[in-house]
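From first to last, the protein sequence lines stand for chains P and B.
To convert, note that position 162 of the first sequence is 162 in the numbering used here; the numbers rise steadily by one, no gaps.
Heads up, the numbering used here is the position in the second sequence plus 1000, with the first residue counted as 1.
For reference, the structure discussed in these notes is given below.
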Amino acid sequence: MKKNKIDVQEISSVLIQEINGEGPKAKKKKRNFWNVIQIPLLAILSGLIIGAFLIAVTSETVYAAFAVGFWNGIVEALQEIGSAYLALFYGAIGSPVQIITALQSGDPAAIRSAFNPFLESLVQSTPYIFAGLACALGFRAGLFNIGVEGQLFIGGVFATYVGYTITTLPSYLHMPLAFLAGALGGALWGVIPGILKATTGGNEVINCIMMNYIAYLLVDWLLTGPMTRPGSGGMPLSPIIQKTAEIPQFFKSPIRFHLGFFFALFFAFVVWWVLFKTTWGLNLRTVGANPRAAKYAGLNIARTTIIGMAMSGALAGMAGANEVLAVNHSLATSLSSGYGFTSIALALLGNSHPVGVVLSSLLFGSLQNGATKMMVVSDIPIDIVTILQALILIFVAAPAIIRSVYRLRQSSVDTNEIALTSWGGDK
Amino acid sequence: MAASTNTLTHVKVNEISFNRRITLGVIELLVAVLIYFAFISTTAAGTLTKFVMTPGGITVGKMADWIIPSRITLWITLAICLIIGLFQLIKGFGKATNGMVGLVFLTLIFSFITWQASGKSLNLAGMLSSSVAVAVPITLGAFSGILCERAGVINIAIEGMMLMGAMVGSLVASVTGSIWLGLLFGILAAALLALLHAVLSIKYKINQIISGTVINIFSTGMTSFISQKFLQVYQNLNNPPMFTRIEIPGLAQIPFLGPILFNTNAFVYAMFILVFVLQFALFSTRWGLRHRSVGEHPAAADTLGINVIRTRYIAVLLSGVVAGLAGTFLTLGSVGRFDEGMTAGKGFIGLAAMIFGNYTPFGAMGAGMLFGFAGSLGSKLSLLGSAIPSEFMAMAPYLITMIVLAGFVGKGHVPAADGVPYTKE
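This is the structure we're talking about:
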């Protein structure tokens, strides 16, 4: 029996190598760092360039300047773009001048406020990391988890419920319990499409989309019915969670930087370890890369599908739990600002690798945070970030566009294709 | 739903297996039991249900209110279900099986609203009329999906295309003052997004679901951006003229049906025309045969000299046109201005209606109507003070789709090459 298991492991690792086109020799060859990073970097650059164009063409002052003269218009447009992106940068990272003066003055309060934009970017990145990991894990297992949004909401519901109903636990038990309840909620919501796919062949994409809307409606009902805050007057709000359930914030308000960020990093490590350092992760990747080969290697595809969706859902649920326990301290219908769909972009940009997901989440979190500042300074709606995300996603998903624009050669290390069957799913 | 009698590949013979016959019979009998315990036992004897048979604000084609004794009506519906169920169990209906299941389902819905409205008054005609209005974007969205997926390209970007069509339609109609220009540009904007989807998924062969997701994200961002930057600042940019009700002479006089079907919005007529056009084009013309063959077996189609790539481009573009029509309905036919995120998942319910309708135009319209009915029933019931939350009624389309997809109601036919990019060998 044990012998048999080892065989499976060997076969899988050979298969993975075959599928990725790397023989035993290719292992020794060091990966060219530039090859891995060039497409994402150029995609981000191209997105920012098109975004700049959009800023210029939707600005009334630019049109006014063009009415005066062509060069006036060009200068005004460049100024407009420059000030907008500078505000974005200051909003996301902080103003270098302010940081230096604060450091020189040595006043802790001044230092904290100078670094707040950066810390706030980390706060914004945290749910992205969880959600991006959820999607990346799904991709690795050959599953398209488009239901992160719904799983996140149900995770939020579970965490909130545990957060406000239990009143007698000490903080070091209550907070982890509420957080894990969130993971459980997400896992439950995620495992349903997984079971349906494994048993009936129903495509997980459609089922996930349906589950998203069921989750929205369920949360609507819960927040105006059984879970409503007493005295909220019909507003869809949950009661505020107990102090003991809160994920602690490190500094005084308004700085919201909290422990959840490190939870996210920890789980990124866990996902990396499971995917790349355990037999089980190898099996999962084999099923994802080529289900037919995995079947011949004797792997249980149905079980991998179900567990894969459950784990993916659990990570999504953690994103919801994190937002409730660390930031909002109660549940509202505004819990997610589209994390579910952004998570697909994050996983793709990060090439479904935990390190990549963390980096792309930091980027998107910073953009989101910086855009708030940009909106105040330059009167550019925050939705420009959504447009930027879509543009970056297009270029990452279709590297051929980037290659032809920047005249790059086809690289040997390409983004891995996502195995996806048709709607029927049972082929 | 309409049976797909002339799909390209295997035509399912209407043989009902023994197990299926027994299962359906038991389900139908359970419906009868449900009617007794849930409805009859909770209705007091002598209560009356009043159905208003004319939608509000209508002067042509009026019909007198329909007042029925609740309990007796429920007993009759129970008897219908009981007889159908027993006959199904003992003998079976053969070819008429699906029709009978549908009949039992309709009876159940009728007894449900009779029970809910017992002792009260419910505007049945108004509810059906608003069901049709709710069904329009869903059905058009489903048509958009059918056009695309029958040719083998998955389209989950219907939502985004609708949103863009709605915004551009409202903007152009407000600026030019011409409702037709608004309609045209709304459709063009959605078709442009469809072109992007086509290029990404056909030329660059990127995963079609990713491509669709990109378009949805882009469309959400772009419409909200323009809405906040311009539409909310200059109110007159978001104040389009609207399509008004068109009364069809003669037909609008028919009591009950007239006001619902023949005295309504131009988009509703467009939907009814389109269902016939699509059904005919897809299943009775050479164009349709080619279109479907590309979705079933592109390699074979290519061997026969059909240009697979071009056919797919045209399919995706047409899909965008119909999605744009659905979007402009929201702003120019229904609401009269653009609001951020106003599609609110209608594109995705359209996708569900497409699956539930088994990728056929009539099936999709039937599903769209059913989902529309569920939606308007939910809002009507909450007005009546029903114990059942409207959210649960609104969940029905999604749940039904999942059940259909799981194959509990019989497996539908999915185009075999749906979602598979074509590479010429």
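Ideal Cβ positions, reconstructed from N, Cα and C, are used throughout, including at glycine.
These figures come from a predicted structure and were not determined experimentally.
C-beta neighbour in chain B for residue i, strict 8 Å
i	result
Ala302 of chain P	no
Ile384 of chain P	yes
Tyr406 of chain P	no
Pro236 of chain P	no
Thr372 of chain P	no
Val57 of chain P	no
Thr333 of chain P	no
Gly225 of chain P	yes
Ala400 of chain P	yes
Gly202 of chain P	yes
Ile394 of chain P	yes
is_contact[residue i, chain P] using C-beta, thresh 8 Å
i	result
Ile1355 of chain B	yes
Ser1376 of chain B	no
Asn1216 of chain B	yes
Pro1249 of chain B	no
Ala1396 of chain B	no
Pro1298 of chain B	no
Three-way DSSP call (helix, strand, coil) for residue i in this model
i	result
Glu1340 of chain B	coil
Pro1415 of chain B	coil
Val191 of chain P	helix
His1291 of chain B	helix
Gln249 of chain P	strand
Lys1050 of chain B	strand
Pro1069 of chain B	strand
Asn145 of chain P	coil
Gly182 of chain P	helix
Thr1097 of chain B	helix
Gln1307 of chain B	Note that residue 1307 of chain B is Asn in the sequence shown, not Gln. It is coil, neither helix nor strand.
Leu237 of chain P	strand
Ser336 of chain P	coil
Asn72 of chain P	helix
Leu1122 of chain B	strand
Ala26 of chain P	Any reading at Ala26 of chain P needs caution, since the residue's pLDDT is 47, under 50, leaving its predicted position unreliable; the model's value is listed next. Ala26 of chain P falls in the coil class under three-state DSSP.
Member of the options whose CA lies at the smallest distance from the CA of residue i
i	options	result
Gln1228 of chain B	B:Leu1261, B:Pro1389, B:Leu1171, B:Ala1189	B:Leu1171
Val157 of chain P	P:Ala332, P:Ser360, P:Ala371	P:Ala332
Leu335 of chain P	P:Gly150, P:Lys197, P:Gly350	P:Gly150
Phe35 of chain P	P:Asn351, P:Ile382, P:Gly82	First, the residue type needs correcting, since residue 35 of chain P is Asn and not Phe in the sequence shown. Per the Cα distances, P:Asn351.
Phe1256 of chain B	B:Leu1048, B:Trp1066, B:Glu1028	B:Trp1066
Ile37 of chain P	P:Leu359, P:Ser378, P:Leu237, P:Ala102	P:Leu359
Leu1128 of chain B	B:Tyr1036, B:Gln1232, B:Pro1298, B:Met1053	B:Met1053
Tyr1269 of chain B	B:Leu1251, B:Leu1282, B:Thr1285, B:Ala1281	B:Leu1251
Pro117 of chain P	P:Ala183, P:Ile380, P:Ser105, P:Ala92	P:Ala92
Ser378 of chain P	P:Leu88, P:Ala43, P:Gly73	P:Leu88
Ile240 of chain P	P:Tyr161, P:Gly338, P:Ser113	P:Tyr161
Classification of residue i by the beta-carbon crowding that lies within 10 angstroms, buried from 16 upward
i	result
Thr199 of chain P	exposed
Met235 of chain P	exposed
Tyr164 of chain P	buried
Pro1249 of chain B	exposed
Trp71 of chain P	exposed
Glu60 of chain P	exposed
Arg1286 of chain B	exposed
Ser125 of chain P	buried
Asn1265 of chain B	buried
Leu1106 of chain B	exposed
Leu222 of chain P	buried
Lys295 of chain P	exposed
Ala26 of chain P	Because the pLDDT at Ala26 of chain P is just 47, under 50, the model does not fix this residue reliably, and the value given afterwards should be weighed accordingly. Per the 10 Å Cβ criterion, exposed.
Gly132 of chain P	buried
Ile1246 of chain B	exposed
8 Å contact criterion, which residue i and residue j should meet: CB distance rounded
i	j	result
Ser312 of chain P	Gly138 of chain P	4 Å
Pro1415 of chain B	Gly1295 of chain B	4 Å
Thr1047 of chain B	Gly1119 of chain B	5 Å
Met1369 of chain B	Ser1131 of chain B	7 Å
Gly51 of chain P	Ile387 of chain P	7 Å
Asn1216 of chain B	Ala1157 of chain B	6 Å
Asn212 of chain P	Gly147 of chain P	6 Å
Val271 of chain P	Pro354 of chain P	5 Å
Minimum Cβ-Cβ distance from residue i to chain D less than 8 Å
i	result
Phe364 of chain P	The question asks about chain D, but that chain is absent: this structure's protein chains are P and B.
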